[in-house]
Structure formats: structure tokens, C-alpha cells
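Here is the structure we will look at.
In the numbering used here, the protein residues as written are 7 to 96.
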């Protein structure tokens, strides 16, 4: 059996850390992500799509060898098809 005194023994509590400065915590992850307007030509569903979702769609299209550049076509929640296209805002 191991003896706790051999390995320093005592309390196994976490050490307290110094509090973080409050001046840099306003935007800890940077500015909010951009959103882009997408519209489905089949069911006319419109929604704003976060840039992270677009990055995932680009990565998936590249993996499948279907990416040709520009804004990707994404899945529509209204008609369940890969039909939503980017709409350039006026």
C-alpha cells in the first residue's frame, strides 16, 4: 500500500488562481459572426445563416469534390432539400 506521506501528503485541494482582469472581458471571442441571407427557390423559405455554417458547407462540398467557389448551396429546413441559395442583399 502507498503511504500518502511519501508523496507529499496533505490536502489535495485545488490552488486558488488570481482573478482575471475585467478590462478585456467585454468581447472574449471577438466580434459577433456575420450572417448571410439565404432563400429557397422551391418553398420560398428565407433565413440568415451564420458564417460558421457556411464554412462547414464549403468544407463538406470540398470533401465531396462539388465546390466550385463562391457561396455554397445549403439544406433547406422547409422542404428538406439542398436548395437554399445565397441572396445578395441590396
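Backbone N, C-alpha and C define an ideal beta-carbon position, used for all residues, glycine too.
### Straight-line Cα distance separating residue 37 from residue 89
Approximately 29 angstroms between the Cα atoms of the pair.
### Query
Shortest alpha-carbon distance to residue 81 belongs to which of 23, 44, 35?
Taking residue 81 as reference, the option from 23, 44, 35 with the minimal CA-CA separation is 44.
### Where residue 63 falls, given that 16 or more other Cβ within 10 Å makes a residue buried
With 16 or more neighbouring CB atoms inside 10 Å of its own CB, residue 63 falls in the buried class.
### Message
Mapping the DSSP letters down to three states, classify residue 48 as helix, strand or coil.
### Response
Reduced to three states, the DSSP call for residue 48 is coil.
### Query
Quick one, which of 66, 59, 87, 48 has its alpha-carbon nearest residue 40's?
Nearest option by C-alpha distance: 59.
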